[in-house]
Structures are given as structure tokens and as C-alpha cells.
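One structure is given below, encoded as C-alpha cells.
4 protein chains.
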Amino acid sequence: MDAALLLFAERGYDGTTVPMIADTAEVGAGTIYRYFESKEVLVNVLFQECVTRFIGSVSRNYPHAANIRAQFTHIFGGMVRFAKDDIHALHFIETHSGARYLDPKSRETFQQLMDFLHAFVHSGKEQGLIRPLPSDALIAIVFGAFTKMFTLIRAGKITETPELLSQIEESCWDAVRVHSD
Amino acid sequence: MDAALLLFAERGYDGTTVPMIADTAEVGAGTIYRYFESKEVLVNVLFQECVTRFIGSVSRNYPHAANIRAQFTHIFGGMVRFAKDDIHALHFIETHSGARYLDPKSRETFQQLMDFLHAFVHSGKEQGLIRPLPSDALIAIVFGAFTKMFTLIRAGKITETPELLSQIEESCWDAVRVHSD
Amino acid sequence: MDAALLLFAERGYDGTTVPMIADTAEVGAGTIYRYFESKEVLVNVLFQECVTRFIGSVSRNYPHAANIRAQFTHIFGGMVRFAKDDIHALHFIETHSGARYLDPKSRETFQQLMDFLHAFVHSGKEQGLIRPLPSDALIAIVFGAFTKMFTLIRAGKITETPELLSQIEESCWDAVRVHSD
Amino acid sequence: MDAALLLFAERGYDGTTVPMIADTAEVGAGTIYRYFESKEVLVNVLFQECVTRFIGSVSRNYPHAANIRAQFTHIFGGMVRFAKDDIHALHFIETHSGARYLDPKSRETFQQLMDFLHAFVHSGKEQGLIRPLPSDALIAIVFGAFTKMFTLIRAGKITETPELLSQIEESCWDAVRVHSD
DNA sequence: CATGAATGAGCGTTCATTCAT
DNA sequence: TATGAATGAACGCTCATTCAT
């Protein structure tokens, strides 16, 4: 699964061949089929597993009672932890969500993630602290900014430091929050 | 080329077959090879053409003398115009920049776009109006947010209106600008 | 189709590979797929075509008004003509009728052949000239005897002569007719 | 071996996989290889065993001194007993005799069966009681008729009764005997 | 002794590319 | 110039066989 994740993230589903995965994993091509019915099943299992981990990462110990800003920090921190823990998983999710070969369960799992984020955004909007834009758009802005930025880190173009991450968080928050000035 | 752009954007390079392109374009498969040496050449020509158009869109009539905010509006407006003009081209650029099959010329063309944006960001940072973050990161934030958001529009999940676009612009600007409060 | 017929007859469906068919037919493996969706479609088309030809061979110019013996001669003659015309087709039908990969249309086509033979046997039984055995059994006896015998001819173990064929016909007829002694 | 016989008879050698046999036999796939060097050895051992049993069935207590008709009854009875005893064995022999993967010993074993039948036919022809046709042809007629008929019984299309079997015997005998009328 | 995970050759099939028409 | 039939390398996948447990 590590090999598949790496390759799917780097080359995409169609650009990754089963022999490639087998070679990277240092197993025979047939072995993969003892564990996954097909390449399509593999990508779905992988996707669900990644998204589930991602959900866990952003929702575990979620400070329900805290203020929006602290909740945003929690979510952002979860995203960072997830992205750092497995640098390919985030990109894999990003590039494969919405793909034509995802099965209903994968779509549903992804929807759970979206639902979680929607709930956060909705609550922020209700409190008048997050801009009154469509939730999808707000999520897209933060998620888009964050993933593209981590792609740069993965590619080694910029170096990830606590300061940088904290500033990026500030930047993303400024993108969605209501400004009083 | 329209057919190829559409398919590459929707299914990716590896998920698009030459016969698919030929069918969509309502020409024979062989005809494509009269105009493009190979599928790889086609995707490169297409990429360069799209990126060049994109550069044109954001840089044409660029207000060199205006202030940063106005310049940002110009760039953002160019991006919107480009995305609206050919709804698939932006997504095609987004998903194919950095692909392994891009040739040096494609990479260089894309770099020209990056250079243009870098110059803008650099100037903004020098004036103390844009955050002192790595330029790549700042571009990624705006670009990432913008493209993800337009993906939603393309998918029909949110409806594009002048108000929405203006608010998104504000949001993106707030993500990169220095806040005085 | 000739190559496929030959190989299916000699090695069976599962024992015949598509590359084998392509090599025998002196075409590329991919070419086969321009004409047949799959190996399974190929075997079905082939089966239907053979059975249809077989039906034509035994039913064309059928002497509806003649006596049973003459009708038997006509059918037997049709079988001989068919078997001689394409020595593999009969064996192909014989070994593939009832196979798990035959589609409904193939089964129906084969049933048409059976129906034709049933009608003949039924009429003979009604006239008291053919034994009062299940029609299926009577057909099996003649068909079984005939095909096994032609397998020998195909294998070169016995030589086909008009006299031999006439004697085999007599033998088959004696197997199904009512004997007055 | 029962599992293998069943599957080879129903799906043919090439259509039967070793895991299929293992599953049907409720053993591990590897276990089969403790008893048979290869799938090919298995089919040969099975073939030889079946043919040997068949020979036993038709030749045990053979009435050497009796007349041809009684000998025919004996052989036919042996065939019936064999076919009833193991409903798949006869079909397995029928469909696998002459197969490309049979080894010399299998071919020789089958030849012993043929020799036994040849001897019977030869003796009958010498006595002027069996038609002066090639022995192979005569055997093919009886064997072909018999096996095709038993295939129907196996498939449940006709029901086997002593009367039916006796009539089939008569029919087969009429196919090979010399008729005085 | 029995197992079943692992293997990789070879299956059925696809598709980028060529070329006669 | 435009075509699409033909190609064969390489795909996703299966399965006869091996071998550590």
C-alpha cells in the first residue's frame, strides 16, 4: 500500500502500472492480487484509508467548546500533522478525490470529511467570524492553498519550519475570516 | 486541440487515449498524427499554448505604474477571464504542470508564468504590503485557492457571480497582504 | 475465423490462446479485436455460423414429401457434405455445444438444429418406422456414431469412400429403424 | 482425484485450474503437488486409472466361449455398469482420449481398451455376424452412440431405466450386426 | 504431512503509432 | 490531406507451481 500510495500520488492512477507497484513494493505482480481484487479496488481501499486517517487527524480531540480561531488552529494542525506524517497521502487525496474510478464508499468517506469541514465553516459563519461565502468555496480556498503549499514542501522548493507553518495558518485564516477593519 | 484539452483536463493524460481524442474531435485517429508527432508532443503543445494564453490573460495591459492592490486585481481579473473563457484550460494547466512528460520548453513556458507572478509578489513584499513569506508559498496560496474554487464552479457546485468573484478576490488578497491590525 | 475454428476444434476453447489464433491467421493479436469484442464473442459467432451452415446443409432441399428412409438419406448426406466441406466444423460443433461460455443466441441456434432433427425423428416414430425411444436418445445415437466416425476420418485412421459412407449410413439407419424381423 | 475427475469432465483440462480442484477437494493447492508432480501428471494418472477401470468393467468375466451376441451384451453391460458407477468417468475418457497432453502410457492404456474391442469386433466379423466395416468405424459407432446417450442421462435429459438401456443395446447391436433380411 | 502466500510467465486485451489507400 | 485497419508492446490479471511455515 505504501508503494501504491507513493506511485498514485506521483504519477496518478492511470500513469501507475501494477508491475510498477509490485516492483516498488518488491513483491511479485501476482501478490498484489492476493490482497486486492483489482487495481481499482486497491485505489479505493487506499483512498478510504487515507481519507479516514485524515478525518482522524483533523477531528481527534476537536475542541468543541473552544472559539472558532482555536478550532481553526486545531484543524490546521491536524492537516499539518497528517501531511508531515505521510507526505504523499495528502497529495494522493487531493489528486484522486472526484476521480471516475472511485466507488460509492470512497465518495461517501470523502463526503464525511467535507461534512466535518462544512460544520466548522457553518458554525463560524453563524458567529459572524467567517465570511458569508459558500462553504464549498471557503473550504476550497483553505484546502487549495494548503495542499498546493505542501506540494512545494514535498518537492523541496520551500523548507517547512514551525514559523512558516504558523504564518501560512495565519494567511489561510485571514482568507476566510471576517476582517473588522 | 479542444477535444484533447477537454479530455486531458477531465481524465488526465494517461487516462486519455488517442482514439478518444479522435472520436471527440470527430476525425480519424491517424489525422492527429499529421499534426502532432505523438501524444506527448500534443500534450506539450497544448500545455504551452494554454500557459501562454494564461500569461497573456494576466499580463496584458498590466498596470505597471499602479499600486499593488490594483495590480492584484488585474491579475485576478486575468485569471477569471482565462478560466471563464476556456473552462477546462485552467484545470488542465493545474493538473499537468510538473508532469513527467512535459518537455523543457513546456517547463520553461510555465516558469515564465511563475516568474511573472514572482515579480509581482516580490515587488509587493519590497513595499511591505505582501507578507514576508516565500514567494512560491504565496503564489501557491492564491493559485491553489483560485483553481480549487474554479473547479467547484466547473463542477456546478457553486454559481459564479460578479459578487462571489469579487469576494473571492478579497479573500485571496487578505491571504497574502500584510494586515495592519 | 478459419484459424480460430481449426484451433478451437483441435485444442478446445480454453486450450486455444488468442496469440495462437493470431499467429495461425498471420495477423497481429490486436487485429482480432477489431472484429470480435472478445475471445468469447469470437467462439459464439463461430459456433452460430457453423451450426447455421450445418442446419442449411441438412435441411436445404429437404424432401418433405418423400418417405422416412429417403429423408434419412438426405439428412445423412447433408451431414457428410458438411463434414467434408469443413472437416473441423463438425468437430467444433460437437465439442463446443453445451459449453459454459456459449451465449443464449448460440444455444438457441443449436436448439434449432435439434428441433429440426426432432421433427424428423418424431415423424418416423409416428409412422412406426423409427424405434419408440426418446428422440434425444435416437439423435444422440446417430449423431454420436457419425461424429466419432468422422473424427477417425479426420485423423486419417480410416479412409472415406462412397462405399464406406453408404455402409455407415445403413448402419446408422439400422440403429434407429424398427426391424420387422 | 474425484474432484479432478469431476472438474476435468465438466470443464475440460484447460478449463480446470489447480486451485479449483483443491477447493473442490477441500485441500490446500500445495497438497495436490505432494501427490502429483504436475497438473499434467494428474490428468494422466486419472486417465489411466479410469481407462483401466473401464477395461476391467468390460473384460472381467468375459464369456470367451459364448456367442457374439452374448459377448456384446457383456461388453455393453460393462459399459453401463462403468458409466453408472462413476457418472463422470466415461465422459472424462471420451473427452480426453487423444488429448495433446496425454503421455505415452496413457495412450497405450487407451490402446489396450481399443485392442480389446478390436478383438471382439474382429471375431464377430470373422464369423460373418458383424458388418465388414473397418473395426475402428464399428467401435466408433457403438462407442459414439453410447457415450452421447449417457451424456444425456448425466444431464438429466432422459431417464435411465433397464428397458431403455436394453433398447439402446439392441439399437447399437443393430448398428453393427449383419442383417439377414 | 499439509498449507497457502508468493511468484512470474503468459493469458486476454488495449492503445500509441504506422501506412496503404 | 484524411483515414482507419493493422500492429505489437505493454497493460491488468490469472494460475501452475514452489517453499517456508
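Residue numbers (my numbering), protein chains in the order written: chain U, 2 to 182; chain C, 2 to 182; chain E, 2 to 182; chain S, 2 to 182.
Note that beta-carbon positions come from the ideal geometry of N, C-alpha and C, so glycine has one too.
The structure presented is a predicted model; accordingly, all values stated were derived computationally and were not measured.
Problem set entry | Residues of its chain near residue 58 of chain E, where Cβ-Cβ distance is below 6 Å and the 5 sequence neighbours each way are ignored | 79, 82, 83
Exercise. Can you tell me the Cα-Cα spacing of residue 103 of chain S and residue 156 of chain S, whole angstroms?
Worked result: 27 Å
Exercise. Using the rule of at least 16 other Cβ atoms within 10 Å of the residue's Cβ for burial, across every protein chain shown, is residue 61 of chain C buried or exposed?
Worked result: exposed
Exercise. For residue 180 of chain U and chain C, any beta-carbon pair shorter than 8 Å?
Worked result: yes
For this session: Under 9 Å between beta-carbons, which chain C residues line up against residue 177 of chain U? List them in chain order, please.
Result: For residue 177 of chain U, the chain C residues whose C-beta falls within less than 9 Å of its own C-beta are 172, 175, 176, listed in chain order.
Problem set entry | Run of the alpha helix (DSSP H) containing residue 10 of chain C, from where it starts to where it stops | Start and end: 3-12.
Exercise. Going by C-alpha distance, which of U:107, U:172, U:93, U:52 is nearest residue 118 of chain U?
Worked result: Of the candidates U:107, U:172, U:93, U:52, the one whose C-alpha sits nearest the C-alpha of residue 118 of chain U is U:52.
For this session: Put residue 131 of chain S into one of helix, strand or coil per three-state DSSP.
Result: Looking at residue 131 of chain S - three-state DSSP - the assignment turns out to be strand.
Exercise. So which residues of chain S does residue 78 of chain E contact, with C-beta pairs closer than 8 Å?
Worked result: Residues of chain S passing the Cβ test: none, with the nearest at roughly 18 Å.
Exercise. Per DSSP, what kind of secondary structure is residue 178 of chain E in: helix, strand or coil?
Worked result: strand
Problem set entry | Residue burial classification, residue 137 of chain C (beta-carbon count within 10 angstroms, cutoff 16) | buried
Exercise. Taking Cβ positions, are residue 69 of chain E and residue 124 of chain E nearer each other than 8 Å?
Worked result: yes
For this session: Use the C-beta contact count for residue 101 of chain U: other C-beta atoms within 10 angstroms, 16 or more gives buried, fewer gives exposed.
Result: Looking at its Cβ environment, which holds fewer than 16 other Cβ atoms inside 10 Å, residue 101 of chain U is exposed.
For this session: For the stretch 60-107 of chain S, list the alpha helix (DSSP H) runs that are entirely contained and at least 4 residues long, ordered along the chain.
Result: 69-86, 90-97
For this session: Determine which residues of the stretch 112-123 of chain E have a Cβ less than 7 Å from any Cβ of chain S, and write them out in chain order.
Result: none
Exercise. For residue 77 of chain C, which residues of its own chain have a beta-carbon under 6 Å away from its beta-carbon, when the five flanking residues on both sides are left out?
Worked result: 170
For this session: Give the range of the alpha helix (DSSP H) segment to which residue 146 of chain E is assigned.
Result: 136-155
Exercise. DSSP on residue 39 of chain E, reduced to helix/strand/coil?
Worked result: coil
Problem set entry | Test item: CB-CB of residue 143 of chain U and residue 176 of chain U under 8 Å | yes
Exercise. First and last residue of the alpha helix (DSSP H) that includes residue 22 of chain U?
Worked result: It spans 19-26 - the alpha helix (DSSP H) in which residue 22 of chain U sits, taken as one unbroken run.
For this session: Since I believe residue 95 of chain U is in contact with residue 18 of chain U (beta carbons under 8 Å), could you give me their beta-carbon distance rounded to a whole number of angstroms?
Result: That belief does not hold up - the Cβ atoms of residue 18 of chain U and residue 95 of chain U are roughly 22 Å apart, past 8 Å.
For this session: Identify which residue in U:28, U:162, U:113 has its Cα closest to the Cα of residue 56 of chain U.
Result: U:113
Problem set entry | Rounded Cβ spacing between residue 7 of chain E and residue 25 of chain E (contact assumed at less than 8 Å) | At roughly 7 Å, the Cβ-Cβ gap stays under 8 Å, so residue 7 of chain E and residue 25 of chain E are in contact.
Problem set entry | Cβ separation of residue 73 of chain E and residue 9 of chain E, assumed to be a contact under 8 Å, to the nearest whole Å | Between residue 9 of chain E and residue 73 of chain E the Cβ distance is about 30 Å, and since that is not below 8 Å, they are no contact.
Exercise. Which bits of chain C does residue 137 of chain U rub up against, with CB to CB less than 7 Å?
Worked result: Residues of chain C passing the Cβ test: 153, 158, 159.
Problem set entry | Any chain C beta carbon closer than 8 Å to residue 134 of chain U | yes
Exercise. Can you name, in chain order, every residue of its own chain whose Cβ lies under 7 Å from the Cβ of residue 13 of chain C, other than the five neighbours on each side?
Worked result: Annotation for residue 13 of chain C: 96 place their beta carbon closer than 7 Å to its own, counting only its chain and skipping 5 residues before and after.
Exercise. What residues in the stretch 18-49 of chain C bring their beta carbon closer than 7 Å to a beta carbon of chain U?
Worked result: none
Problem set entry | Reduced DSSP secondary structure (H/G/I, E/B, other) of residue 164 of chain U | helix
Problem set entry | chain C contact for residue 55 of chain U (CB, 8 Å cutoff) | no
Problem set entry | Contacts around residue 131 of chain S, its chain only, beta-carbon distance under 8 Å, and the 5 residues preceding and following it disregarded | 69, 122, 125, 139, 177, 178, 179
Exercise. Any beta-carbon of chain C closer than 8 Å to the one on residue 145 of chain U?
Worked result: At a cut-off of 8 Å between C-beta atoms, residue 145 of chain U counts as an interface residue with respect to chain C.
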